[in-house]
Ligand SMILES: Nc1nc2c(ncn2[C@@H]2O[C@H](COP(=O)(O)OP(=O)(O)O)[C@@H](O)[C@H]2O)c(=O)[nH]1
Ligand SMILES: [Mg+2]
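In the numbering used here, the protein residues as written are 6 to 257.
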């Protein structure tokens with residue numbers, strides 16, 4: 006059994022996948038972690054899949070799921086959750102926007118009893134490098150909308166996070182769009198979360214897959230979580246709001 010599973014969603018990442026997998030594996034070795042790497046690919050048309058299959062012959066801790074239907078980033082990550090062979094999941098982009106060296110720190114926070122650990126771009130010490138203004142505005146808009154649901158979390162839509170398996174086991178997730186973390190926060194089973202700052206660096210190679218459709222899907226997702234929270238008495242968003250308003254459940 007592995008200590009943790011690093012889930013890497015990919016779509017046409019032939020220029021990055023080998024390097025990111027090797028970088029994650031090096032971090033495992035440097036920190037004596039018995040880690041699994043699970044690539045979840047949406048049937049890329051480039052050589053991403055064959056590169057991973059070649060890597061699997063070199064390293065036994067790498068696996069790939071090739072998805073052929075229901076294309077989507079959130080759906081891919083959710084499928085990773087249900088196939089991972091450990092009790093702790095870390096989700097990281099393939100394009101080096103998220104620093105793999107942070108993985109052990111995230112894992113340590115999970116070991117300390119946090120259910121969710123978020124790599125935050127929007128807390129002190131975090132940031133975004135080399136993103137065009139348009140992307141910054143879209144991201145900030147999505148973040149602010151997410152903070153309406155989760156006022157205690159600075160980056161509720163980060164793509165870089167770690168969770169205990171129990172958070173999503175049996176949770177009624179409806180994965181769609183790009184922001185799987187918001188879905189996990191809204192519908193997962195969790196009590197304690199912590200954020201760690203990091204600097205997001207835009208990809209050097211390959212293209213972003215963000216489309217207008219993704220933004221519309223996000224707005225619908227926020228609405229769905231809001232409705233879910235209104236219909237379920239014990240829900241994470243209401244609990245976090247109570248924490249802010251009444252300080253009724255002290256944070257650790
Ligand atoms: N499986 C899967 N991965 C995706 C999809 N879209 C993006 N990704 C991966 O998700 C990560 C983030 O995607 P990216 O396009 O860089 O998003 P950005 O950083 O917000 O511009 C990368 O590892 C992509 O390869 C998708 O539809 N399916
Ligand atoms: Mg990217």
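The beta-carbon is built from N, C-alpha and C at its ideal position, and this holds for glycine as well.
- In this model, residue 134 and residue 140 are separated by some 11 angstroms (Cα to Cα).
- By the neighbour-count criterion, in which a residue is buried when 16 or more other Cβ atoms sit within 10 angstroms of its Cβ, residue 117 is exposed.
- When the beta-carbon positions are compared, residue 182 and residue 96 stay at least 8 angstroms from each other.
- With the criterion CB distance below 7 angstroms from any heavy atom of ligand 2, the matching residues run 98, 100, 102, 207, 208, 213 along the chain.
- Burial of residue 99 is indicated by the presence of at least 16 other C-beta atoms within 10 angstroms of its C-beta.
- Here residue 203 really is in contact with residue 126; their C-beta atoms are around 7 angstroms apart, less than 8 angstroms.
- About 7 angstroms separates the beta carbons of residue 93 and residue 8, which is inside the 8 angstroms limit, making them a contact pair.
- By the Cβ-count criterion, residue 218 is exposed, with fewer than 16 other Cβ atoms from all chains shown falling within 10 Å of its own Cβ.
- The alpha-carbon of residue 47 is positioned some 28 angstroms away from that of residue 142.
- Distances from the CA of residue 91 to each of 40, 54, 49, 52 were compared; the closest alpha carbon is that of 40.
- A check of alpha carbon separations from residue 198 across 120, 225, 83 identifies 120 as the nearest.
- Nearest to residue 209 by alpha-carbon distance, out of 11, 20, 16, is 20.
- Shown here, residue 243 sits in a helix according to DSSP, grouped into three states.
- In this structure, residue 57 sits away from residue 70, with a CB-CB distance that is not shorter than 8 angstroms.
- Looking only at 114, 13, 122, the smallest Cα-Cα distance to residue 102 is reached by 13.
- In the DSSP assignment, residue 9 falls within the beta strand (DSSP E) that extends over 9-15.
- Relative to residue 189, the option among 89, 169, 17, 201 whose CA is nearest is 169.
- Rounded to whole angstroms, the gap between the alpha carbons of residue 34 and residue 107 is 14 angstroms.
- Around the beta carbon of residue 82, 16 or more other beta carbons lie within 10 angstroms, which makes this residue buried.
- The Cβ neighbour count for residue 242, taken over all protein chains shown within 10 Å, is at least 16; the residue is labelled buried.
- The nearest non-hydrogen atom of ligand 1 is 7 angstroms or more from the C-beta of residue 10.
- For the pair residue 178 and residue 66, the Cα-to-Cα distance works out to about 27 angstroms.
- As the crow flies, the alpha-carbon of residue 171 is around 30 angstroms from that of residue 60.
- Close CB contacts of residue 167 within its chain, under the 6 angstroms cut and outside five residues either way in sequence, are with 95, 111, 115, 122 (chain order).
- DSSP, read as helix, strand or coil, puts residue 200 in strand.
- Residue range 185-192 is occupied by the alpha helix (DSSP H) that includes residue 187.
- Between residue 161 and residue 186, the CB-CB gap stays under 8 angstroms.
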